[in-house]
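Contents: one structure, followed by commentary.
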Amino acid sequence: MGRGLAVLGLALGEEVTGAQLRNLFGERGRHPYADRIEAERLAAGESAKKAFRAGAFGRRVMVTGVDFVFWSQPTIYLLWALGDEETRRVIEAAHECAVEGVLEWIEGEVAVIRYGQDGIYRVRPPGGLVAARFRHYEARSGRPLLHDHLLLSVKGQRLDGKWGSIHTTALHENTVAASALYNEIGRQPPRLADLRGHDAHRHPGAPAGDGDSRGAPRADPLDLPAQRPDCRLPGRAGARVRHRRRRRRHPAVPARCEVALLLR
Numbered sequence: 000m001g002r003g004l005a006v007l008g009l010a011l012g013e014e015v016t017g018a019q020l021r022n023l024f025g026e027r028g029r030h031p032y033a034d035r036i037e038a039e040r041l042a043a044g045e046s047a048k049k050a051f052r053a054g055a056f057g058r059r060v061m062v063t064g065v066d067f068v069f070w071s072q073p074t075i076y077l078l079w080a081l082g083d084e085e086t087r088r089v090i091e092a093a094h095e096c097a098v099e100g101v102l103e104w105i106e107g108e109v110a111v112i113r114y115g116q117d118g119i120y121r122v123r124p125p126g127g128l129v130a131a132r133f134r135h136y137e138a139r140s141g142r143p144l145l146h147d148h149l150l151l152s153v154k155g156q157r158l159d160g161k162w163g164s165i166h167t168t169a170l171h172e173n174t175v176a177a178s179a180l181y182n183e184i185g186r187q188p189p190r191l192a193d194l195r196g197h198d199a200h201r202h203p204g205a206p207a208g209d210g211d212s213r214g215a216p217r218a219d220p221l222d223l224p225a226q227r228p229d230c231r232l233p234g235r236a237g238a239r240v241r242h243r244r245r246r247r248r249h250p251a252v253p254a255r256c257e258v259a260l261l262l263r
């Protein structure tokens, strides 16, 4: 995803391959199709050195990407885990809109390519950036948690068409702002407030941008006891196994009954 896809000959939503990841992030910043470009140049009679350069994005760098992780506030991802299919679809749509909005903001307002002596010249990448997004439905502990990893490449084109690297310090300095923007965009769809049961409203004394629902518990929902006493599944370990088996068959979300036990 990102406005830089067209420049690289990629399409939105295209599946990322291991070779593309290796070239773009593991080879210190090369074209995702660097292997193919290099082979074509060699077949055309160019030297190995020129063919290698044809697949490069300017000067090679040590830091080739930044990993952003997006997940919603506890009251929202609890609704996603325990809600029906319609609820899940609305929350996932809001989540995706928020991720896309943050990337657009980074491309237009945050990303800066510095060049010249001591980085005296600064320019926004006019063609945008490119990122690989990976969707996960569980935390490392195995508990349900909808979240996306956005692996953002630091490579971008300057106005003169040459490739450069965006200033990663600017990205790190704006992580809090990116988080606040994600939360704000994620609350925009009107139906999301309806699904929460209340209008978006801050708790008394809560900081601006908190975004939890009025009347919702302040504790992390993953620490709450199960609210479904009718779920009589034997053992948390067994529930985790069934949850993972179901996820392999149906890679959406676990059944509400299983989730309730997992949250014990």
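Residue 21 in numbering that gives the first Met the number 0 is what sits at position 22 of the sequence shown, and the numbering runs on without skipping anything.
Built from N, CA and C at the ideal position, the CB exists for glycine as well.
message: Would you call the region 99-119 in contact with the region 80-91, where contact means no fewer than 3 C-beta pairs closer than 8 Å?
response: no
query: Do you know how far the Cα of A93 is from the Cα of A121?
result: The sequence shown places Arg at residue 121, rather than the Ala named in the question. About 34 Å.
- request: Could you pull out every residue in the same chain whose Cβ sits closer than 8 Å to the Cβ of T167, ignoring the five residues on either side in sequence?
  value: V62, V65, V153
query: With 16 other CB atoms within 10 Å as the buried threshold, where does G8 fall?
result: Flag for G8 reads exposed.
message: So, under 8 Å CB-CB, V6 and G28 are touching, yes? Tell me the CB distance rounded to an integer number of Å.
response: Going by Cβ atoms, the distance from V6 to G28 rounds to 14 Å, so no, they are not a contact pair.
message: Does F133 pass the burial test, meaning 16 or more other C-beta atoms within 10 Å, or should it be called exposed?
response: exposed
- prompt: Opposite F69 in the DSSP bridges: which residues?
  reply: D147
- request: Determine the closest residue to S71 out of L145, R157, V175, with distance taken between C-alpha atoms.
  value: L145
- prompt: Ordered along the chain, which non-local residues of its own chain (more than five positions away) have a Cβ less than 7 Å from that of V15?
  reply: The residues are A131.
- request: Could you round the C-beta distance between V129 and L4 to whole angstroms and report it? I think they count as a contact, below 8 Å.
  value: 6 Å
query: How far does the beta strand (DSSP E) with H171 in it reach, from first residue to last?
result: Taken as a continuous stretch (DSSP letters only), H171 belongs to no beta strand (DSSP E), being part of the alpha helix (DSSP H) at 167-172.
Span separating the alpha-carbon of F24 from that of A33: 12 Å
field: Rounded straight-line distance, which links the Cα of S140 to that of V109
entry: 33 Å
query: Under 8 Å between the Cβ atoms of G163 and G57?
result: yes
Candidates P143, E95, H171, of which the one nearest A80 by Cα: P143
task: In angstroms with no decimal places, state the Cα-to-Cα distance between A10 and G1.
output: As the crow flies, the alpha-carbon of A10 is around 10 Å from that of G1.
Residues sharing a beta bridge with H30, DSSP: H30 has no beta-bridge partner at all, per DSSP.
- prompt: Exposed or buried, which one is V98 when buried takes at least 16 other CB atoms within 10 Å?
  reply: buried
task: Please say whether A53 and E37 have beta carbons closer to each other than 8 Å?
output: yes
- request: On the DSSP bridge assignment, give the partners of Y120 in chain order.
  value: Y114
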